[in-house]
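Peer 1: Residue numbers (the numbering used here): 30 to 207. Backbone N, C-alpha and C define an ideal beta-carbon position, used for all residues, glycine too. Please read these numbers as outputs of a predicted model, since none were measured by experiment.
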Amino acid sequence: MFLSTKSLTNRVKSTLTMAAAAGLLSLAALPAAVQASGSPFTAMSGSWSGSGTITTSSGNKERIRCRAKYDVAGAGSNVDLTLRCASDSYNFELQSTATHSNGAVSGTWSETTRGVGGNIEGNARGNAISLRVSGIISATLGVSTNTNQQSISIQAPGTELQSVAISMNRSGPQISTK
30 MFLSTKSLTN RVKSTLTMAA AAGLLSLAAL PAAVQASGSP FTAMSGSWSG SGTITTSSGN
90 KERIRCRAKY DVAGAGSNVD LTLRCASDSY NFELQSTATH SNGAVSGTWS ETTRGVGGNI
150 EGNARGNAIS LRVSGIISAT LGVSTNTNQQ SISIQAPGTE LQSVAISMNR SGPQISTK
């Protein structure tokens, strides 16, 4: 079966939207204890994993599994992310570098298997972060983190993948709230 160029383009955009959104939302691990230190990245260091649901424009839902690794530097002001996700229909690897300064988050992303990328920008407040993704796709992202759990929400209007919801847990040493 042959795919039309338009169908292939839409599928690539949808995959990239999901990759960028999932990866960039993962940058938003913001436990309340870390907020007091001023850096949203400090609590992200290490490995995380989880699963969620992709909802397509037709209303179909598909499970997705993700693993993330965060390397935090600069006293928590910089983070490098590698995120790998897979579902029955999609596989991708996202790499991102971001900086936090005075509540603002900015950086770049690339989806390495397809050779595309773009920019991220947004802000961190309390235990949440809000980001906008630009490049080949546009999406809005929101994350809420409580200690060792992250809830990620992605909205990508106008693409095949309308929304993504992911729950991640820290895979390595746990952070205590005591």
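Taking 8 Å as the cut-off, decide whether the C-beta atoms of S74 and Q191 are in contact.
Peer 2: no
Peer 1: If you draw a straight line from the C-alpha of M47 to the C-alpha of E150, how long is it?
Peer 2: Residue confidence is low: M47 scores 49 on pLDDT, short of 50, so the model does not pin down where it sits. Its coordinate-derived value is still stated next. M47 and E150: Cα-Cα distance of roughly 17 Å.
Peer 1: In chain order, what residues of the same chain lie with their CB nearer than 6 Å to the CB of A57, ignoring the 5 residues before and after it?
Peer 2: With a pLDDT of 40 at A57, under the threshold of 50, the modelled position of that residue is not reliable, and the figure given next carries that caveat. Excluding positions up to five away in sequence, the list reads I158, V172.
Peer 1: Are there three or more Cβ pairs, one per stretch, closer than 8 Å when the segment 132-150 is compared with the segment 98-105?
Peer 2: no
Peer 1: Excluding the 5 residues preceding and the 5 following N107 in the sequence, name in chain order all residues of the same chain whose CB lies nearer than 6 Å to its CB.
Peer 2: T128
Peer 1: For G79 versus I183, is the C-beta spacing smaller than 8 Å?
Peer 2: It is not a contact, given that the beta carbons lie outside the stated cut-off.
Peer 1: Using the C-alpha atoms, what's the distance from Q178 back to N198?
Peer 2: 5 Å
Peer 1: Output the boundary residues of the beta strand (DSSP E) element that contains T188.
Peer 2: That residue, T188, is in no beta strand (DSSP E); it is neither H nor E in DSSP.
Peer 1: For T128, which of helix, strand or coil comes out of DSSP?
Peer 2: strand
Peer 1: Are there 16 or more other CB atoms within 10 angstroms of the CB of A102, so buried, or fewer, so exposed?
Peer 2: It counts as exposed.
Peer 1: If I measure Cβ to Cβ from E122 and keep anything under 6 Å in the same chain, skipping five residues before and after, which residues do I get?
Peer 2: R113, T141, T142
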